[in-house]
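Participant: Pasting a structure here, questions to come.
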Amino acid sequence: MSVYRDFDCKAIFSGLKHGRLRQRKAIASVVRERGLWLRLYTTGIYSDLTISSTAKTYSVHRAIVCPRSDFLAAACRSPCKESSDGSIHLPDDEPCVVDMMMQYVYLLDYRQSLYADSLLQSPELESSEAESITCLLLHAKVYTIAEKYAVDGLKDLAVDKFKAAASQAWEPSDFLHAATEAYTSTIDTDRGFRDVVLEAFAVHEDLLDDDEAKTTIKSLGSLPYDLLLYLHREGKFQSLAAVGLYDGRISRGQKRYYEFDIEVAFRIARWLL
Numbered sequence: 001m002s003v004y005r006d007f008d009c010k011a012i013f014s015g016l017k018h019g020r021l022r023q024r025k026a027i028a029s030v031v032r033e034r035g036l037w038l039r040l041y042t043t044g045i046y047s048d049l050t051i052s053s054t055a056k057t058y059s060v061h062r063a064i065v066c067p068r069s070d071f072l073a074a075a076c077r078s079p080c081k082e083s084s085d086g087s088i089h090l091p092d093d094e095p096c097v098v099d100m101m102m103q104y105v106y107l108l109d110y111r112q113s114l115y116a117d118s119l120l121q122s123p124e125l126e127s128s129e130a131e132s133i134t135c136l137l138l139h140a141k142v143y144t145i146a147e148k149y150a151v152d153g154l155k156d157l158a159v160d161k162f163k164a165a166a167s168q169a170w171e172p173s174d175f176l177h178a179a180t181e182a183y184t185s186t187i188d189t190d191r192g193f194r195d196v197v198l199e200a201f202a203v204h205e206d207l208l209d210d211d212e213a214k215t216t217i218k219s220l221g222s223l224p225y226d227l228l229l230y231l232h233r234e235g236k237f238q239s240l241a242a243v244g245l246y247d248g249r250i251s252r253g254q255k256r257y258y259e260f261d262i263e264v265a266f267r268i269a270r271w272l273l
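What follows is the structure, encoded as structure tokens:
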């Protein structure tokens with residue numbers, strides 16, 4: 001007998017006469033297990049730790065949250081007040097983002113939080129933009145909190161959900177807010193979400209003609225360079241020398257920020273696409 005489990009934990013059996021029956025039993029077992037984890041998450045039964053945002057307190061279990069987050073594990077081990085009184089407070093994080101992180105810790109997935117309205121109070125959003133906020137910025141913020149609290153699996157999931165959402169319902173303004181989040185809340189060497197932003201710019205080349213996009217890119221320091229470098233790595237600089245737009249300096253791979261004229265950079269990127 002050989003047993004495999006895919007991402008959804010569905011058992012696939014091979015070499016068994018009654019494989020389908022065993023498969024159904026295995027799936028039923030997984031469903032029951034998921035139900036148990038959901039019950040622990042929603043009821044807090046047997047809890048030995050509380051984690052609180054400014055909007056909600058979560059009754060959680062060290063044996064579950066600590067393996068998911070190196071930060072929370074360290075907090076529970078430390079001799080500080082939070083560890084001694086069995087509570088961890090996250091006052092500086094948006095409640096909706098904390099809520100989605102806690103969903104992932106127990107369920108290995110997350111949905112848009114009931115507290116997502118807190119993002120509408122963000123100073124980076126104009127009132128008219130706040131009314132139409134969609135989910136791309138939420139996924140960017142989930143990635144940020146996953147990096148902050150060292151929840152690596154959540155970072156990967158946020159990237160996947162961002163890609164899926166961007167492909168299904170593209171909203172340029174929301175994307176630009178997500179790009180700003182990625183380039184202002186993560187370090188240069190953390191490429192996970194930044195590279196997804198670059199891919200989106202390459203796919204949606206019309207953004208390079210958009211005034212709002214130009215303003216955003218100009219404000220994000222390394223983004224123009226990163227975009228040109230990304231296009232170079234995709235093999236789109238092959239004929240630039242022939243038209244006098246590229247002298248080969250980027251191909252050296254040195255992390256140097258040349259004094260690009262921003263409008264020339266836009267024209268180069270637009271021409272490549």
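Position 106, counted from 1, in the sequence shown is what UniProt numbering calls 106; the numbers after and before it change by one each time, with no gaps. Just so it is clear, CB atoms sit at the ideal spot from N, CA and C, and this is done for glycine as well.
Please check the pair A178 and A140, which I expect to be a contact at CB under 8 Å, by giving their CB distance rounded to whole angstroms.
Facilitator: 4 Å
Participant: Given this structure, state the Cα-to-Cα distance separating D109 from Q103, to the nearest angstrom.
Facilitator: 6 Å
Participant: Along the chain, where does the beta strand (DSSP E) that runs through T57 open and close?
Facilitator: T57 to V60
Participant: Output yes or no for whether 9 Å exceeds the beta carbon distance between I51 and Y41.
Facilitator: No, these two residues do not count as a Cβ contact at 9 Å.
Participant: For W37, which option in L220, I64, K56 and L49 has the closest C-alpha, if you only look at C-alpha atoms?
Facilitator: That would be I64, whose Cα lies nearest to the Cα of W37.
Participant: Do you know whose CA, among R233, V197 and V203, lies nearest T216's CA?
Facilitator: Considering only alpha carbons, the answer is V197.
Participant: Roughly how many angstroms separate the alpha carbons of G86 and R62, rounded to a whole number?
Facilitator: 10 Å
Participant: Can you tell me where the alpha helix (DSSP H) with I145 in it begins and where it stops?
Facilitator: L136 to K148
Participant: Around the C-beta of Y46, are 16 or more other C-beta atoms found within 10 angstroms, so that it is buried, or is it exposed?
Facilitator: exposed
Participant: Would you mind reading off the limits of the beta strand (DSSP E) that contains T186?
Facilitator: Segment: none, T186 is in no beta strand (DSSP E) and carries neither H nor E.
Participant: Could you tell me if D209 is buried or exposed, where buried requires 16 or more neighbouring beta carbons within 10 angstroms of its beta carbon?
Facilitator: exposed
Participant: Near E234, which residues of its chain fall below 8 Å by C-beta distance, leaving aside the five closest residues on each side in sequence?
Facilitator: A202
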